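Residue numbers (our numbering), protein chains in the order written: chain G, 1 to 457; chain W, 1 to 489.
Beta carbons: idealized from backbone N, C-alpha and C, even for Gly.
Computed from a predicted model, the values in this text were never measured in an experiment.
Notes to accompany the following structure.
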Amino acid sequence: MANALTLLLDFDDQYRRDVDQNHAFLHRRDRRFAQQQQEQRQPLTVPAWLASLHALNGQRQVDSGRDPRLRGWRQARWVFAGLGAVLGVVFMLGLLYYDGGQQINVTLLVALVGLQGLLALFTSVQAWLGWQPWRTLLGRWRGNDDALASLRPVLSARVAHTGGLMFALTGLLTLLLQVAVQDLAFGWSTTLQASAVGYHQWISALALPWQSLWPDAVPSLALVEASQFYRLQQDSGVANPALLGTWWPFVLMLWLVYVLLPRCVLLMLAALQLRWQSHRALRAHPGWQPLHYRFDTPWVDTRGDDEGQAAPAPAHAALSPLPASTTLIHWAGAGLQSASLGAALSVDPAPLQLRAGGNSSLDEDARVLAQAAESGQPVIVVARGWEPPTGELSDFIFDAREQGVTALLALVPLADEGGEALADAGLLAQWQRFVDRQRDSQLLLCAPVAAEKEQQA
Amino acid sequence: MHEPDSPTPAPSVDLPRFAVVGHPNKGKSSVVATIAQNDSIAIAMEPGTTRDSHRYPMKVDEVTLYELIDTPGFQRPRKVLAWLQGHSLSASDRPETVAAFVTQHRDDPRYHDECELLRPIVEGAGIIYVVDGSVPYNREHEAEMNILRWTGRPSLALINQIGPDDHSAAWEAALGQYFQIVRRFDAVRAPFEKHLDLLRSFGQLAPHWREPLDAALEYLQALKFGRDSQALERIADALIDMLGHQETARLSEFEDASPLLPKLQQRWQNWQREREQRLRVAVEDLYQHRRLQRQEEALVTPEGGDLFSERTRQLWGISKTQLAAAGFGAGAVGGAGIDAVALGHSLGAGALIGGLLGAAGSYYYSDKLTKLKFGPLSGGFREAVYGPLRDPQFAYVVLGRALLHWYQVSQRNHAGRDVLVVTGAQDHWLAQMERSHRNGLQKSLQALASRRFDPSKRQRLIEQLELAQQAFAQWQLRPFQESGEAPSD
Chain G
1 MANALTLLLD
11 FDDQYRRDVD
21 QNHAFLHRRD
31 RRFAQQQQEQ
41 RQPLTVPAWL
51 ASLHALNGQR
61 QVDSGRDPRL
71 RGWRQARWVF
81 AGLGAVLGVV
91 FMLGLLYYDG
101 GQQINVTLLV
111 ALVGLQGLLA
121 LFTSVQAWLG
131 WQPWRTLLGR
141 WRGNDDALAS
151 LRPVLSARVA
161 HTGGLMFALT
171 GLLTLLLQVA
181 VQDLAFGWST
191 TLQASAVGYH
201 QWISALALPW
211 QSLWPDAVPS
221 LALVEASQFY
231 RLQQDSGVAN
241 PALLGTWWPF
251 VLMLWLVYVL
261 LPRCVLLMLA
271 ALQLRWQSHR
281 ALRAHPGWQP
291 LHYRFDTPWV
301 DTRGDDEGQA
311 APAPAHAALS
321 PLPASTTLIH
331 WAGAGLQSAS
341 LGAALSVDPA
351 PLQLRAGGNS
361 SLDEDARVLA
371 QAAESGQPVI
381 VVARGWEPPT
391 GELSDFIFDA
401 REQGVTALLA
411 LVPLADEGGE
421 ALADAGLLAQ
431 WQRFVDRQRD
441 SQLLLCAPVA
451 AEKEQQA
Chain W
1 MHEPDSPTPA
11 PSVDLPRFAV
21 VGHPNKGKSS
31 VVATIAQNDS
41 IAIAMEPGTT
51 RDSHRYPMKV
61 DEVTLYELID
71 TPGFQRPRKV
81 LAWLQGHSLS
91 ASDRPETVAA
101 FVTQHRDDPR
111 YHDECELLRP
121 IVEGAGIIYV
131 VDGSVPYNRE
141 HEAEMNILRW
151 TGRPSLALIN
161 QIGPDDHSAA
171 WEAALGQYFQ
181 IVRRFDAVRA
191 PFEKHLDLLR
201 SFGQLAPHWR
211 EPLDAALEYL
221 QALKFGRDSQ
231 ALERIADALI
241 DMLGHQETAR
251 LSEFEDASPL
261 LPKLQQRWQN
271 WQREREQRLR
281 VAVEDLYQHR
291 RLQRQEEALV
301 TPEGGDLFSE
311 RTRQLWGISK
321 TQLAAAGFGA
331 GAVGGAGIDA
341 VALGHSLGAG
351 ALIGGLLGAA
361 GSYYYSDKLT
371 KLKFGPLSGG
381 FREAVYGPLR
391 DPQFAYVVLG
401 RALLHWYQVS
411 QRNHAGRDVL
421 VVTGAQDHWL
431 AQMERSHRNG
441 LQKSLQALAS
451 RRFDPSKRQR
461 LIEQLELAQQ
471 AFAQWQLRPF
481 QESGEAPSD
């Protein structure tokens with residue numbers, strides 16, 4: 001019983017610890033455990049899983065008796081047990097109160113025993129139906145989101161039955177004590193027109209469970225006939241007073257069978273129900289199915305390891321005005337289709353337009369550089385701004401210096417093939433970083449728009 | 001990433017490995033990000049900075065079924081090709097010549113990127129060459145294609161669509177001369193089925209790669225189904241939490257409760273928003289979207305409890321028509337009942353009355369929202385309780401928002417960089433659900449809102465949400481079905 005409850009609470013704790021973990025981690029962890037169990041031919045169970053996690057985390061399994069969530073229930077159980085014990089003594093003392101005046105009425109005794117039985121049955125039925133009429137006593141507004149929410153009826157039944165059992169036990173002990181230290185005279189009385197024979201039949205029916213075990217605890221017809229009394233009757237009319245005391249075995253067995261035994265049985269049933277409902281609550285727990293999914297489903301990883309890719313250093317593009325140039329080099333054919341680009345970038349309406357990079361051969365690149373060097377003027381290199389600058393462009397600039405292009409080199413990244421100026425700050429920063437990496441003071445990052453503005457200024 | 005000191009394991013000969021190569025900025029990383037379902041990959045990196053190849057193995061319980069290798073782009077293809085041509089005697093020695101290039105230049109910083117991209121190919125990886133189909137074909141990249149042809153490895157060209165223009169046909173014709181297989185693939189928008197098709201194509205590159213790739217496809221499909229159903233479980237748990245949530249405070253016997261109401265209201269709303277955000281993160285985590293930027297209006301509950309006001313409907317994105325047409329809210333059961341009695345002949349009337357009942361229900365519940373409930377006096381104190389919000393509209397709002405977010409996340413590729421905008425629905429998806437299913441869902445949601453939900457019914461709720469999920473997905477696809485188009489390709 002405690003194990004099932006501990007398991008539920010333990011599982012709930014682990015679920016709450018895992019709730020903020022990422023799914024991939026949980027799946028890897030639990031799948032790994034499932035595979036280990038399979039390899040070691042160990043059963044794949046939730047207790048084993050919890051034990052493995054506890055071992056990994058250096059945690060001790062918490063005994064359900066110490067769980068703070070059960071503290072209230074444990075305390076309630078002690079209080080009810082204490083109350084039951086005291087009430088059992090008081091009840092029995094009151095019931096067996098005998099001042100020598102009139103007999104103790106067995107009929108009343110039977111009725112009270114019946115009432116005890118009914119109360120016990122009512123407690124269990126409440127728990128079975130999940131009805132909680134006493135809920136307000138526990139705090140009506142207590143949250144429904146804890147793991148014990150669905151177990152409250154049966155936990156309450158267990159508390160009540162514990163109290164009832166203690167009541168029955170101390171009642172029984174008090175009865176025995178009273179029998180030993182006093183001479184109790186039992187009798188029977190009723191307002192109803194009941195004959196001794198009828199009463200005997202009823203008593204015999206009640207005594208059926210122990211008839212064969214303890215025949216002396218079944219009152220005889222003679223005893224029944226002899227022990228009927230009326231309150232108005234001055235004289236008890238009993239020839240042999242010792243005879244009235246012989247009811248006690250019946251009273252003892254009546255208490256034992258109809259009060260103590262049902263409480264024992266119902267307490268055990270409540271314990272079983274608690275165990276069963278704990279298992280049921282565990283299976284209905286929101287963490288149960290996902291855990292078994294993680295156990296059963298292979299861990300599929302497509303992500304690889306997350307690479308810590310450093311973002312490029314921020315750079316602010318410092319666009320320079322276009323130098324006065326009559327030579328344009330279209331890198332990888334950038335802007336070649338634009339008829340107006342040459343005139344827009346160059347001081348000469350018909351500048352020398354050359355092509356390098358891309359599909360040109362390396363020899364063609366070298367010839368282009370030789371032509372550019374001959375002019376001795378600044379050279380404008382037009383490139384596709386949306387494509388990142390490559391090592392080939394870097395080599396081309398290096399080769400230009402090697403081949404005697406000593407004048408300014410103006411790098412103009414375009415926004416499109418039509419010759420629009422690149423405006424995207426991210427792309428411009430990429431080109432600025434490229435220019436910075438070349439460590440060439442004569443290499444400038446330029447834009448047509450900046451040049452126009454300069455002219456206007 | 002390997003430990004710095006640990007040796008790199010020798011790649012298995014039979015393991016299908018694919019080096020994704022191409023010119024810089026043509027979407028190689030986007031393709032890898034989508035196929036590897038890793039949204040941390042496609043961060044634009046620029047050439048010239050140190051770049052290494054990155055391996056993305058597809059593992060099932062630590063068994064690798066295939067491996068994608070994201071490589072840096074070509075930097076100096078013409079020089080590499082010139083070197084190869086200068087060191088080759090005949091066509092038969094070309095693969096060895098490429099291997100020799102890698103061996104000779106492995107420590108040369110100028111050819112770092114080329115060595116990084118060619119090494120896996122020399123070691124046996126297949127080639128996935130990525131081009132941008134949105135720019136016109138030109139011969140600028142022929143040197144790259146020639147180098148790849150020299151390796152003699154199985155190759156597939158992928159036409160990635162980065163911009164709006166489509167020049168795929170011209171690319172397809174040109175690439176066909178260099179590569180065994182040519183495929184079109186939009187790394188950002190291609191639906192999951194297209195990812196699988198692409199992987200299937202990878203398997204066609206070599207006969208012994210087909211089997212592991214087919215197995216991988218099955219696992220990936222199961223993974224997708226598993227994620228969808230787990231997302232439902234998370235939505236169900238969030239609904240259970242949110243619909244039944246109460247905020248409580250203690251107050252003494254003679255203390256005035258009225259100042260407590262706005263405080264508890266605020267706490268209740270904050271809690272709801274925080275719980276909804278936890279759901280969002282959980283669903284995104286499930287689909288491995290870890291860098292997702294999301295834009296969504298906060299869950300707003302009406303001020304003063306007027307749940308049926310115009311302002312509320314605007315906040316929640318619900319119209320009067322939707323309420324009536326879908327038999328929305330509290331009236332759904334009533335409306336369905338009327339229709340059932342009339343054997344379906346009162347189709348319109350039942351729904352309309354359903355809507356009216358919904359309005360009445362809202363009116364009824366709105367009164368309750370503005371009130372505190374009090375527990376019994378105990379030790380001179382009593383407990384004041386705010387919530388749950390019993391109006392069924394709230395449940396549908398939470399559910400609708402959750403399904404919309406789930407749908408967008410589940411359909412999103414990991415190469416996507418745009419902000420995920422979760423906007424209110426213009427039409428109502430509930431109308432797509434069968435009435436009996438809708439009624440079942442309604443009952444469960446009502447039980448949640450009245451805190452009478454039996455935890456053992458969680459599975460039933462998940463099944464009902466699955467139907468809602470299907471209805472939602474169907475509703476999302478409806479515009480495309482009506483126009484006869486695929487949602488995205």
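Scanning its chain for C-beta atoms nearer than 7 Å, with the 5 sequence neighbours on each side dropped, one finds around Glu392(G) the residues Gly357, in chain order.
Listed along chain W is no residue with a C-beta nearer than 8 Å to that of Asp440(G); the closest approach is about 14 Å. Counting other Cβ atoms within 10 Å of its Cβ, Arg452(W) stays below 16 and is therefore classed as exposed.
In the three-state reduction of the DSSP assignment, Asp39(W) falls in the coil class, being assigned neither a helical nor a strand state. Of all residues in the stretch 272-292 of chain G, the ones placed with a Cβ closer than 9 Å to any Cβ belonging to chain W are Arg280, Ala281, Arg283, Ala284, His285, Pro286, Gln289 and Pro290, in chain order. Tyr56(W) is a Cβ neighbour of Arg303(G), given a cutoff of 8 Å. A straight line joining the alpha-carbon of Arg283(G) with that of Gln230(W) spans about 17 Å. Each residue's CA atom was taken as its position, placing Gln295(W) and Val419(W) some 7 Å apart.
Taking a beta-carbon distance threshold of 8 Å, Ala238(W) does not count as an interface residue toward chain G.
Among the bridge pairs identified by DSSP, Gly187(G) is matched with Asn105(G). Of all alpha-carbon atoms in Ala257(W), Arg200(W) and Glu297(W), the one lying nearest the alpha-carbon of Tyr66(W) is that of Arg200(W). Look at His23(G): its C-beta is under 8 Å from a C-beta on chain W. What Leu341(G) touches in chain W, judged by beta-carbon distance under 8 Å, is nothing: the nearest beta carbon there is about 17 Å away.
Looking at the DSSP output, Gly126(W) sits in a beta bridge with Phe18(W).
Restricting attention to His330(G), Asp395(G), Asn359(G) and Ala373(G), the CA atom closest to the CA of Gly418(G) is found in His330(G).
A check of alpha carbon separations from Arg384(G) across Pro290(G), Leu414(G) and Leu409(G) identifies Leu414(G) as the nearest. For Arg139(W), the nearest CB of chain G lies under 8 Å from its own CB, placing it at the interface with that chain. The beta carbon of Asp61(W) falls within 8 Å of a beta carbon belonging to chain G, placing the residue at that interface. Proximity of Ala332(G) to chain W, defined by a Cβ-Cβ separation below 8 Å, is satisfied.
Residues of the stretch 8-23 of chain G with a C-beta atom less than 7 Å from some C-beta of chain W are Asn22 and His23, listed in chain order.
Taking 8 Å as the upper bound for CB-CB distance, Val80(W) and Ala99(W) are not in contact here, some 13 Å apart. Distances from the alpha-carbon of Pro323(G) to those of Ser340(G), Asp348(G), Val113(G) and Ser212(G) put Asp348(G) closest. Counting along the chain, Thr326(G) sits inside no alpha helix (DSSP H), nor does DSSP assign it H or E at all. The beta-carbon of Asp301(G) is placed less than 8 Å from the nearest beta-carbon of chain W.
DSSP lists Leu328(G) as the bridge partner or partners of Gln353(G). In the DSSP assignment, Ala468(W) forms no beta bridge with any residue. Around the CB of Thr190(G), fewer than 16 other CB atoms lie within 10 Å, so the residue is classed as exposed.
Residues of the stretch 382-411 of chain G whose Cβ lies closer than 8 Å to any Cβ of chain W, in chain order: Trp386, Glu387, Pro388, Pro389, Thr390, Gly391, Glu392, Ser394 and Asp395. Under the three-state reduction of DSSP, Asp391(W) is assigned to coil, being neither helix nor strand. DSSP, reduced to helix, strand and coil, places Asn57(G) within a helical segment of the structure shown.
For Leu389(W), none of the residues of chain G pass the 7 Å Cβ criterion, the least Cβ distance being about 15 Å. DSSP links Ala157(W) through a beta bridge to Tyr129(W) and Val182(W). Taking the C-beta atoms as reference points, Pro136(W) is found no nearer than 8 Å to Ala91(W).
Against Thr297(G), the close residues of chain W are Ala222, Leu223 and Gly226, in the order they occur along the chain (beta-carbon pairs closer than 9 Å).
For the 8 Å CB-CB criterion, Ala187(W) and Ala19(W) do not form a contact.
Rounded to the nearest angstrom, the Cβ distance from Thr107(G) to Trp188(G) is 5 Å, consistent with a contact under 8 Å.
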